[in-house]
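Numbering-wise, the sequence shown is residues 1 to 156 according to full-length UniProt numbering. Glycine included, each C-beta is placed from N, C-alpha and C at the ideal position.
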Amino acid sequence: MPSSDRTVLELYHDKAFFHLLVDSYRRIVGKPLVADDRDAYWLYHHAPFAVVAHNTDLDPIFIYANMSAQRCFEYDWEEFTSLPSRLSAEVPNRADRQLLLDKVTRDGYASGYRGARIAKSGRRFWIEDGCVWQLMGQDGQRYGQAATFPIIDQAV
Numbered sequence: 001m002p003s004s005d006r007t008v009l010e011l012y013h014d015k016a017f018f019h020l021l022v023d024s025y026r027r028i029v030g031k032p033l034v035a036d037d038r039d040a041y042w043l044y045h046h047a048p049f050a051v052v053a054h055n056t057d058l059d060p061i062f063i064y065a066n067m068s069a070q071r072c073f074e075y076d077w078e079e080f081t082s083l084p085s086r087l088s089a090e091v092p093n094r095a096d097r098q099l100l101l102d103k104v105t106r107d108g109y110a111s112g113y114r115g116a117r118i119a120k121s122g123r124r125f126w127i128e129d130g131c132v133w134q135l136m137g138q139d140g141q142r143y144g145q146a147a148t149f150p151i152i153d154q155a156v
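Printed below as a string of structure tokens:
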């Protein structure tokens, strides 16, 4: 699975990574992320909600961002998967973001999250009703954390 060695190249269509995302969500959150007939291609290109994931580095780097997330944050795949995830929030909001991630590490997931984020252009927007969960394999190995949120065009 992906780590800081930049093996994130083609995760957007990677079936194993798709299964890690959806299986860990189902196991940890207790409901499906996508319908059973959906696949990696659909999640990346057509999902009407954002999905992002970062790795387990000390300063985690995004390893996945579907097209909905890329449009929302205004980064393309290469930019997104080079970005430390902390930079998705402005400095004043990073402490709240870190508290959320610490809760996810402790409890497995957190839902109902609301927080301000910043796009590449500097545009501020709200994440509403977000869910963050541990990316964890069936064997218990941690691969990072992932988040999903509905796309709501709402400026801060």
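Does the Cβ of residue 149 have 16 or more other Cβ atoms within 10 Å, making it buried, or fewer, making it exposed?
-> buried
Between the segment 26-43 and the segment 113-121, are three or more C-beta pairs nearer than 8 Å?
-> no
Could you tell me the distance, in whole angstroms, from the CA atom of residue 27 to the CA atom of residue 104?
-> 14 Å
Work out the CA separation of residue 90 and residue 10 for me, nearest whole Å.
-> Going by the C-alpha atoms only, they are around 28 Å apart.
Within this structure, are the beta carbons of residue 146 and residue 53 separated by less than 8 Å?
-> Their beta carbons are under 8 Å apart, which means residue 146 touches residue 53 by this criterion.
Pair within 8 Å by beta-carbon distance, residue 63 and residue 130 = no
With 16 as the cutoff for other CB atoms within 10 Å, does residue 85 come out buried or exposed?
-> buried
Beta-carbon gap between residue 119 and residue 74 smaller than 8 Å = yes
Under the DSSP definition of a beta bridge, which residues are partnered with residue 100?
-> Residue 100 is not bridged to any residue.
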